[in-house]
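For the sequence shown, the numbering used here begins at 142 and goes up steadily by one. We treat Cβ as the ideally placed atom computed from N, Cα and C, and that holds for glycine.
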Amino acid sequence: MEIVKLYGGHGRVRLYNPVYQKIPVLVHGGRPICESMVILEYLDEKWPQQPLLPSDPYERAEARFWVKFAEDKVSCSGMIYQTEGEKLEKARRDALEMLTILEEHGLNGKKKFFGGDNINIVDIAFRWIAHWMGVIEEITGVKLIEGNKFPLLKAWMHNFKEVSFISENLPNREKMAAFFRARRSMILSSA
Numbered sequence: 142m143e144i145v146k147l148y149g150g151h152g153r154v155r156l157y158n159p160v161y162q163k164i165p166v167l168v169h170g171g172r173p174i175c176e177s178m179v180i181l182e183y184l185d186e187k188w189p190q191q192p193l194l195p196s197d198p199y200e201r202a203e204a205r206f207w208v209k210f211a212e213d214k215v216s217c218s219g220m221i222y223q224t225e226g227e228k229l230e231k232a233r234r235d236a237l238e239m240l241t242i243l244e245e246h247g248l249n250g251k252k253k254f255f256g257g258d259n260i261n262i263v264d265i266a267f268r269w270i271a272h273w274m275g276v277i278e279e280i281t282g283v284k285l286i287e288g289n290k291f292p293l294l295k296a297w298m299h300n301f302k303e304v305s306f307i308s309e310n311l312p313n314r315e316k317m318a319a320f321f322r323a324r325r326s327m328i329l330s331s332a
């Protein structure tokens with residue numbers, strides 16, 4: 142049996158990721174793999190029977206494009222959660238622009254998930270929208286995914302959280318909200 146350990150806490154971060162000292166870190170065979178998307182590509186290559194990237198080269202390139210987009214845009218929700226006033230309003234506009242792009246070009250109405258009928262690396266890259274975004278909206282009072290503006294994204298969020306291995310591993314919403322509320326208060330008071 143192979144031992145694979147994913148570190149999401151900060152206890153051993155310096156040991157396993159001395160360069161960036163960030164989580165997550167996957168340790169497999171005693172060797173660390175750092176950064177979320179690098180970990181996912183490693184898993185895809187190590188266990189090809191459970192593919193995360195499409196086999197078609199064009200579709201694989203397209204998936205990598207959307208992963209890069211997700212990495213570039215994750216800061217939108219972070220800025221909403223870390224700012225107030227004019228900066229918060231700019232972050233809200235940026236987040237709405239990103240969500241509109243996903244609605245119109247990422248999901249484009251033909252798919253249950255970004256990769257089709259099954260979760261792939263793009264869905265995992267945007268996982269923060271499915272669970273974390275609602276918590277960010279709750280603690281900041283900034284509503285982004287409301288009404289009928291993003292029906293495809295709402296359907297995707299529902300589909301994503303309904304997959305058993307996703308729903309069984311999502312962090313507790315109340316604990317997340319309490320953590321982010323306290324952290325936001327600390328960030329805003331030190332600004």
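**Study point:** Enclosing alpha helix (DSSP H) for Val276 [first to last residue]
**Key:** Counted from its first residue, the sequence shown places residue 276 at position 135. From DSSP, the alpha helix (DSSP H) with Val276 extends over Trp273 to Thr281.
**Study point:** Every unbroken alpha helix (DSSP H) within the stretch 274–332, with a cutoff of 4 residues, ordered by chain
**Key:** 292–303, 305–308 and 314–331
Review point. Phe254 bridges to which residues according to DSSP?
Key: Your numbering for residue 254 matches position 113 in the sequence shown. BP columns for Phe254 point to Gly257.
Review point. Who pairs with His246 in a beta bridge, going by DSSP?
Key: Here residue 246 refers to the residue found at position 105 when the sequence shown is read from its first residue. DSSP lists no partner for His246.
Practice item. Give the C-beta separation of Leu229 and Leu293 to the nearest angstrom, bearing in mind that I take them to be a contact with Cβ-Cβ under 8 Å. Key: Residue numbering aside, residue 229 sits at position 88 when the sequence shown is read from its first letter. Residue numbering aside, residue 293 sits at position 152 when the sequence shown is read from its first letter. Not a contact, Cβ separation roughly 26 Å.
Practice item. State the DSSP-derived secondary structure class of Val166, mapped to helix, strand or coil. Key: As a first step, residue 166 must be located in the sequence shown, where it is residue number 25. Three-state result, Val166: strand.
**Study point:** Closest Cα partner of Val283 within the set His246, Gly219 and Pro192
**Key:** Stepping through the sequence shown from its first residue, residue 283 is reached at position 142. Ranking His246, Gly219 and Pro192 by Cα distance to Val283 puts Gly219 first.
**Study point:** Proximity to Ile286 [Cα-Cα], best of Glu309, Phe255, Leu243 and Ala323
**Key:** Working through the sequence shown from its first residue, we reach residue 286 at position 145. Nearest C-alpha to Ile286: Leu243.
Review point. So, is the C-beta of Phe320 closer than 7 Å to a C-beta in chain E?
Key: Judged by its chain identifiers, the structure shown contains no chain E, having just a single protein chain.
Review point. Three or more beta-carbon pairs under 8 Å between the stretch 253–273 and the stretch 309–320, yes or no?
Key: yes
Point to revise | Complete runs of the alpha helix (DSSP H) confined to the stretch 163–244 [at least 4 residues] | key: 177–187, 198–214, 216–223 and 226–242
Exercise for review: Output the distance between the C-alpha atoms of Met142 and Pro189, rounded to the nearest integer angstrom.
Suggested key: Start at 1 with the first residue of the sequence shown, and residue 142 comes out as number 1. Start at 1 with the first residue of the sequence shown, and residue 189 comes out as number 48. Its pLDDT being 40, under 50, Met142 is placed unreliably by the model, and the measurement read from it follows with that caveat. Taking the straight line from one Cα to the other gives about 17 Å.
Practice item. Specify whether the stretch 255–271 and the stretch 200–211 touch according to this definition: at least 3 beta carbon pairs, one from each stretch, less than 8 Å apart. Key: yes
Practice item. Could you tell me how far apart the beta carbons of Tyr222 and Phe320 are, in whole angstroms, since I believe they sit closer than 8 Å? Key: Numbered from its first residue, the sequence shown carries residue 222 at position 81. Numbered from its first residue, the sequence shown carries residue 320 at position 179. Actually they do not touch by this definition, with Cβ atoms about 11 Å apart.
Check your understanding: Using the rule of at least 16 other Cβ atoms within 10 Å of the residue's Cβ for burial, across every protein chain shown, is Val276 buried or exposed?
Key -> Taking the sequence shown and counting its residues from 1, the one referred to as residue 276 is at position 135. It is buried - the Cβ of Val276 has at least 16 other Cβ atoms within 10 Å.
Check your understanding: If Ile262 sits next to Ala204, beta carbons under 8 Å apart, how far is it from one beta carbon to the other, in whole angstroms?
Key -> Position 121 of the sequence shown, counting from 1, holds the residue named residue 262. Position 63 of the sequence shown, counting from 1, holds the residue named residue 204. About 6 Å separates the two Cβ atoms, so the contact holds.
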